[in-house]
Each structure stands twice: as structure tokens, then as C-alpha cells.
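Enquirer: My questions all concern the structure below.
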């Protein structure tokens, strides 16, 4: 319960008030549709609550009312007159049963703290629940410091008001589907002969990149962003002979958390590209680097067994389907489930009481000391509002606090099963169907362009891609020159994917075959081009391609995600492993009711594992089939067993798009 307004609301949301009279529309925030709190004026003449505008500007760069370009720094506090008018609005005391007083809004907090009998009664009851009077001298203490919990129940008064999870394109722990398949963390049944391998070791490192030419490319490709299922910004590839390659400290799979002190762990893909392309002689990067599994000795086990503490935490959901933003795993050497990560902006992260590497002992009173992430997901989903955790905290958390997933990540699990995969119908085709417009930011639009021209007049375009490219890309336009007929016509644009010219299919040609087909048909009096235009739905956000003219142009990784499946060129990657190894990669995505079908993407590849050694699988690759069985429409609970059941060999059919060059 908020001590300022006396009502339940999420921690970072505005206070709630019961107003005596209807409030004039001029004093209403058009984001939350409530009377203004800490009003902020925009240069275009609109007024919003401070928190509403701040949250909105983290997602967009325009005014909500007129969509004019806007930054939060341009806004300023409303006049003292407006603020006084708002503070004088008359409100009811929220404790109507014990207190029927009305007062100005600005006086409510003082009323609650000093005069309200209802709030005083509430605080007394809360204190009594937190510190129950012992019934006998043999009763256990309220705070238990031991390796096993004596009482898994969480006091109902120990609630925490937490903020709503940001909407991200990954399945939530609040759903029935566990959300993240992570075969890097496996629990085997071989038992005693296992090496003492524990959780992943990950380190954050600050790296200074020096450039003699401030405009020079860094020379790496990136994938991810908060507008994609991957969440974080991940390095997909480091180019040879580049600035980053010469430095030698950044590797594929690294997560970029900060650029020049700016947190980019929760920005869109385009925003991250802009930050990384910003010219300058020195670039400061904070990166998260996974180091693989660590070995734990018996002495370390004995040390970590001391100073453990049982902690009770209550999270409150607005509704049953609201995600908590927690990623759960199983470890190879300990029973039970552990917290791997907390999504920044999620309920758990904003509550601040759960930590990475906490062992979950119980949820809502149900013992999970020998439990699984799937069981935890079911308990959480069935909870109406309050989710009561009992966790065991131990020193030496290996994953640093600065890592941020950027997406609603959830429980993760896998194991080395021994049974063969169940036989399912295999699709004998090159293309695995999926909806082409699942990516919220981009959609594709087919267009036909017919133009009349002089026989000797060139088309005036340059192209890239081709099926001989290592990513097997379709042919796309890299520039439209001002000397050709297509520039004069204006309908073919940079980034368009060329499908055919005068009826000749271009979608399966290599680069040189496509150049030859375009040149031979350009000699005609008329040319009919079919092309696919990839459109951005977030038009207020300028593309970094148009802002950074110093960089050689190529489409952003995120634009390829809008292509229909018939333009995908799939490849099979066969991974092999020993009985006691894990595959060494994690994936995000899958079907869930609230978001529909989302593809599965490779998010991390763990050093020293089969996926890492094979070197064909890359972060950002889309998995379209496992052992020939299409992944479209699958939830995590369907795909998890397919990966579990592969003991020594698995065939992944993937589509690989090149990351954005920075």
C-alpha cells in the first residue's frame, strides 16, 4: 500500500486518487487519462504527467498527441499556477470505512501519516503480521538462517509493490510455456561420474576502442534489441582486419550493455546501431562475456554452505497473465531450480528483493527443493495476484548485476535424455512456412514497376546479395543512381528486394547471374520489375542508415526479419556431443497466446561447448526445424522435449541473416 496516496499501485506508476468532483479535461493527462501529476509541458504545447511522459519517451521519440519529433530534455515543468490548481483538487480519503474526510490532493499524504484512523489501523495490522507474537518459548524465530527452510509460508503482509514488466517479444514465465530453452544448462541422469560443473561464469568488461579515423567502422555485426525476441544487443560477427578485430577483446556472442556510458541493454535495434555508429576517436564499451562453465571444488562447496539466508519475497501481479520477468534454470550439480536472470523493468527486478543465483525453495507454499522450472511456471501461472517466493541466498553470485536481458525471459531447462526423438512428419521442402510479418517493426510489400525507357538508358542501380553470398541473401538494391531511369521513376528504392525483371525470376540467382539478367533486360524499350519493399512501421524513428552516410550501406539485420518465408534459404547444421555434454546454446521465442507465433532465435552460444566448437551456428540465427520437424507454431513445451531427447546428435535447420554492420 502506497504511503503517499493510500492505494495499491505499481511502484513506478502514478499515485491514485478518488476525486470528489469531475476534473476539467484541460487538467487530464492524455497518456494515463488521469488528472496530471508533476505536469510537464512539451514544446508543441501539450502537457503530460512526468512519469507518463518519461516512460513514453523511453519507447518513442515523438509527442503522443501530434506525433511531432520530441525528446524528454526539451520538456519542462508546467507553470506554478497549473501545479497549484492540480494540488488543490479535492480528494476523498481512501479509507472510507474508518475515515470520511475530504481534503486537497496535496494534503492527503500528511493526513494519512498523522490523522487518518484507517491508515493507522492498516499499519498496525501489517506490523502484527510481520512480527507475530510467539506463542511459546520453543517457537522458531521469525528469521531463519539455515540451509533448509523451516516454514515456507510468506507473511501476507510482506507484499511489495512492483512495476509492470515491459512488453518484450519472448514468452513469459507468467504463461504455461517456460519461455526459454537453454540446453547450456543441463541436468543429466548419469550421476556420480559427472565433473563438478556449476553455473555459467559471465563477466562484465569495460573496453576502450581507439580509432585514428573517428569515422572508421568498428567492424562488427550486431543482432537483437528490445524490439526483437533476443532483447539484448549481441555481437554476431567480428570482421577480419577491423578496428575491433585488431583490439582482440570483443568476440561473437558478447552482449553489449553500454556505449560511452549510455545503457543500451533496453533500446531498439535501430537505436543501438546509431549509438555504435556514432563517430569519435575513443569508444567506451561495457560488454557481458560468457566464459563457459566453472569447476567447483569440495572446499568451495563447504564455503558456500555457510552464511546462507532464507528470504521471503511477495510479488503482486495485476492479473493472472502478467509476467514476472524471471529466468529460471536447473544446474548440473545441484537439485532444484535457481534464478539465472531478472528482466530489467520486470516485476521481480523492480521489486529488487530477488537476486541472480538465488535457489527457489518454494512458491506459494509448494515445495520446489527438488522442483523444475516447468513446475514453477505452472504455479506462477495459476496464481491470481500474489506470488510468494521463499529463496535461499548464498555468497559468490557468478552472474554480475549489470547484465540485463532486455526481454521477458523466463524459466529455462533441458536435460540429456537417452530416448530417440518421436517420429513426426518431415517436410520435404526448402522453405519452412511462417508468417512474414511477425516482426512488429517491419513488414514487406510487393510492388510491380513498369517503365518506358530509351534502349541505351541504364537502370541506374547497384545491387547486393545473391545466393552465393555466405548468408544466401536475395538480390537487393544498394543504391539508386541519379543517372538512370529508375531514379527518374522514383518507385524503386534502396533496400528493395528484386524478385523478377521482365518475368525472369531473380530470387534464386547468385550475384553475377543477377547482374547479367538485369543488364540484358535493360536494353529493352520497356522494363517490368517486381520488387519487395520492406516498410518500417515505426516511421517516427529515423533509420540510422540515413543518418550515418560515412558507412558502406547494407540493410539492417532487423529488416531481414520482415521477409516472407519463400525468400528464406535454409541450411542444416548438424551438432554432435558426448553423453555428458550439453549442446551449449540457448534459444528464445515460440508460440504463446498473447503474442501468437514467434520464431525461435539463437540467443547465446557458450564457450567450450559443441555449438561453440562447430562454429556454424551464430547468435541471431532463426531455428525453423529440428531433425526436419518444422518449429512453426510450436511452444517451448513442445520444442523442449525434441532437444532433450537428442543424446549425441541433432540437426538444426536455420535461416541466418547478417547482423547490422557498425
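Residue numbers (my numbering): 6 to 667.
For every residue, glycine included, the Cβ atom is placed at its ideal position computed from N, Cα and C.
1) Could you tell me the distance, in whole angstroms, from the CA atom of residue 145 to the CA atom of residue 329?
2) Which residues in the same chain have their Cβ closer than 6 Å to the Cβ of residue 489, if we skip the five residues on either side of it in sequence?
3) If you check the beta carbons only, do residue 395 and residue 366 fall under 8 Å apart?
4) By DSSP's criteria, residue 630 is part of a beta bridge. Which residues make up the other side?
5) I'd like to know if the segment 631-639 and the segment 656-666 are in contact, where contact means that at least 3 CB-CB pairs between them fall below 8 Å.
6) Using the Cα positions of residue 359 and residue 244, report the straight-line distance between them to the nearest angstrom.
7) Can you give the Cα-Cα distance for residue 586 and residue 362, rounded to whole angstroms?
8) For my contact list, residue 19 and residue 57 are in at a C-beta cut-off of 8 Å; report their separation, rounded to the angstrom.
9) Let me confirm a value: residue 25 is counted as buried when at least 16 other C-beta atoms fall within 10 Å, else exposed. Which label applies?
10) In three-state terms, what does DSSP make of residue 647?
11) Taking its Cβ as the centre, do 16 or more other Cβ atoms sit within 10 Å of residue 571, making it buried, or is it exposed?
12) Leaving out the 5 sequence neighbours to the left and right, which residues in its chain are closer than 7 Å to residue 639 when beta-carbon positions are compared?
13) Is residue 333 closer than 8 Å to residue 608 when the C-beta atoms are compared?
14) Is the separation between the beta-carbon of residue 92 and that of residue 111 shorter than 8 Å?
15) Decide if the segment 62-82 is in contact with the segment 113-122; the criterion is three or more beta carbon pairs, one per stretch, under 8 Å apart.
16) Could you tell me which whole alpha helix (DSSP H) segments of length 4 or greater appear in the segment 327-370?
17) Which residues does DSSP pair with residue 53 in a beta bridge?
18) Rounded to the nearest angstrom, what separates residue 4 and residue 459 at their Cα positions?
19) What is the rounded straight-line gap between the Cα of residue 123 and the Cα of residue 102?
20) Contact defined as beta carbons within less than 8 Å: I believe residue 678 pairs with residue 533. What is the distance between those atoms, to the nearest angstrom?
21) Taking the continuous beta strand (DSSP E) assigned at residue 609, which residues delimit it?
22) Bridge partners of residue 281, per DSSP?
23) With burial defined as no fewer than 16 other Cβ atoms inside 10 Å of the residue's Cβ, what is the status of residue 12: buried or exposed?
24) Please report the straight-line C-alpha distance between residue 502 and residue 509, rounded to a whole angstrom.
25) Report the residue from 237, 474, 221, 368 whose alpha carbon sits nearest the alpha carbon of residue 228.
26) Leaving out five residues before and five after residue 96 in sequence, what residues of the same chain have Cβ atoms less than 8 Å from its Cβ?
27) Where does residue 531 land, buried or exposed, given buried means 16+ other C-beta within 10 angstroms?
28) Using a Cβ-Cβ cut-off of 8 Å (strictly less than) and excluding sequence neighbours within five positions of residue 480, which residues of its own chain qualify?
29) For the putative contact between residue 625 and residue 239, defined by C-beta atoms under 8 Å, what is the C-beta separation to the nearest angstrom?
30) With 16 as the cutoff for other CB atoms within 10 Å, does residue 51 come out buried or exposed?
31) Using a Cβ-Cβ cutoff of less than 7 Å, which residues in the same chain neighbour residue 117 once the five nearest sequence positions on both sides are dropped?
32) What do you get for residue 233, buried or exposed, if any count of 16 or more other CB atoms within 10 angstroms of its CB means buried?
33) Would you say residue 653 and residue 559 are within 8 Å of each other, going by their C-beta atoms?
34) Just verifying my parser: in three-state terms, what is the DSSP assignment at residue 291?
35) Is it buried or exposed, residue 326, if we count other Cβ atoms within 10 angstroms and call 16 or more buried?
Expert: Reading from the atomic positions:
1) For the purposes of this step, residue 145 is identified with residue 140 of the chain shown, where counting begins at 1. For the purposes of this step, residue 329 is identified with residue 324 of the chain shown, where counting begins at 1. Residue placement at residue 145 cannot be trusted, given a pLDDT of 41 that sits under 50; what the coordinates show is reported in the next sentence. Looking at the two C-alpha atoms, the distance is approximately 31 Å.
2) As a first step, residue 489 must be located in the chain shown, where it is residue number 484. Within the same chain, residue 489 has close Cβ partners 463, 464, 465.
3) For the purposes of this step, residue 395 is identified with residue 390 of the chain shown, where counting begins at 1. For the purposes of this step, residue 366 is identified with residue 361 of the chain shown, where counting begins at 1. A contact, by the Cβ cut-off of 8 Å.
4) In the chain shown, the residue the question calls residue 630 occupies position 625. Partner(s): 635, 658.
5) yes
6) Numbered from its first residue, the chain shown carries residue 359 at position 354. Numbered from its first residue, the chain shown carries residue 244 at position 239. About 39 Å.
7) Taking the chain shown and counting its residues from 1, the one referred to as residue 586 is at position 581. Taking the chain shown and counting its residues from 1, the one referred to as residue 362 is at position 357. Straight-line Cα distance between these residues: approximately 22 Å.
8) On the chain shown, position 14 is the one that residue 19 refers to. On the chain shown, position 52 is the one that residue 57 refers to. That belief holds up - the Cβ atoms of residue 19 and residue 57 are roughly 7 Å apart, short of 8 Å.
9) The residue given as residue 25 occupies position 20 in the chain shown. The residue is exposed, with fewer than 16 neighbouring Cβ atoms inside 10 Å.
10) Start at 1 with the first residue of the chain shown, and residue 647 comes out as number 642. In this structure, residue 647 counts as helix in the three-state DSSP scheme.
11) What you label residue 571 is simply residue 566 of the chain shown in a count that begins at 1. So residue 571 ends up on the exposed side.
12) On the chain shown, position 634 is the one that residue 639 refers to. A distance below 7 Å between beta-carbons, with the five flanking residues on each side excluded, links residue 639 to the following residues of its chain, in chain order: 595, 596.
13) The count along the chain shown starts at 1 and reaches residue 608 at position 603. The count along the chain shown starts at 1 and reaches residue 333 at position 328. Cβ atoms of residue 608 and residue 333: not closer than 8 Å.
14) Numbered from 1 along the chain shown, position 87 holds the residue referred to as residue 92. Numbered from 1 along the chain shown, position 106 holds the residue referred to as residue 111. It is a contact, given that the beta carbons lie within the stated cut-off.
15) no
16) Counting only runs of 4 or more, we get 352-356.
17) Stepping through the chain shown from its first residue, residue 53 is reached at position 48. BP columns for residue 53 point to 45.
18) Given that the chain is displayed from residue 6 to residue 667, the structure contains no residue 4 and the question cannot be resolved.
19) Within the chain shown, the letter at position 118 stands for residue 123. Within the chain shown, the letter at position 97 stands for residue 102. Cα-Cα distance, rounded: 7 Å.
20) The question about residue 678 has no answer here: the residues shown for the chain are numbered 6 through 667.
21) Taking the chain shown and counting its residues from 1, the one referred to as residue 609 is at position 604. Looking at the DSSP string, the run of the beta strand (DSSP E) that includes residue 609 is 605-610.
22) On the chain shown, residue 281 is found 276 positions in, with the first residue counted as 1. Paired residue(s): none; residue 281 is not in a bridge.
23) Position 7 of the chain shown, counting from 1, holds the residue named residue 12. Result: exposed.
24) Taking the first residue of the chain shown as 1, we reach residue 502 at position 497. Taking the first residue of the chain shown as 1, we reach residue 509 at position 504. Whole-angstrom Cα-Cα distance: 14 Å.
25) As a position in the chain shown, residue 228 is number 223, starting the count at 1. Closest by alpha carbon: 237.
26) Here residue 96 is taken as the residue at index 91 of the chain shown, counted from 1. Counting only Cβ-Cβ distances below 8 Å, and skipping sequence neighbours, we find 22, 23, 24, 25, 107, 108, 109, 110, 113.
27) Taking the first residue of the chain shown as 1, we reach residue 531 at position 526. It is exposed - the Cβ of residue 531 has fewer than 16 other Cβ atoms within 10 Å.
28) Numbered from 1 along the chain shown, position 475 holds the residue referred to as residue 480. So the qualifying residues of the chain are 468, 469, 470, 471, 502, 503, 511, 512, 514, 516, 519.
29) To locate residue 625, count along the chain shown from 1; it is residue 620. To locate residue 239, count along the chain shown from 1; it is residue 234. Indeed they touch by this definition, with Cβ atoms about 7 Å apart.
30) Counted from its first residue, the chain shown places residue 51 at position 46. Only buried fits residue 51, as 16 or more other CB atoms lie within 10 angstroms of its CB.
31) Here residue 117 is taken as the residue at index 112 of the chain shown, counted from 1. So the list reads 8, 11, 124, once near-sequence residues are dropped.
32) As a position in the chain shown, residue 233 is number 228, starting the count at 1. Burial call: buried.
33) Reading the chain shown from its first residue, position 648 is the one you call residue 653. Reading the chain shown from its first residue, position 554 is the one you call residue 559. No; because the gap between Cβ atoms is not below 8 Å, this pair is not in contact.
34) Counted from its first residue, the chain shown places residue 291 at position 286. Note: residue 291 maps to strand in three-state DSSP.
35) The residue labelled residue 326 in the question sits at position 321 within the chain shown. Flag for residue 326 reads exposed.
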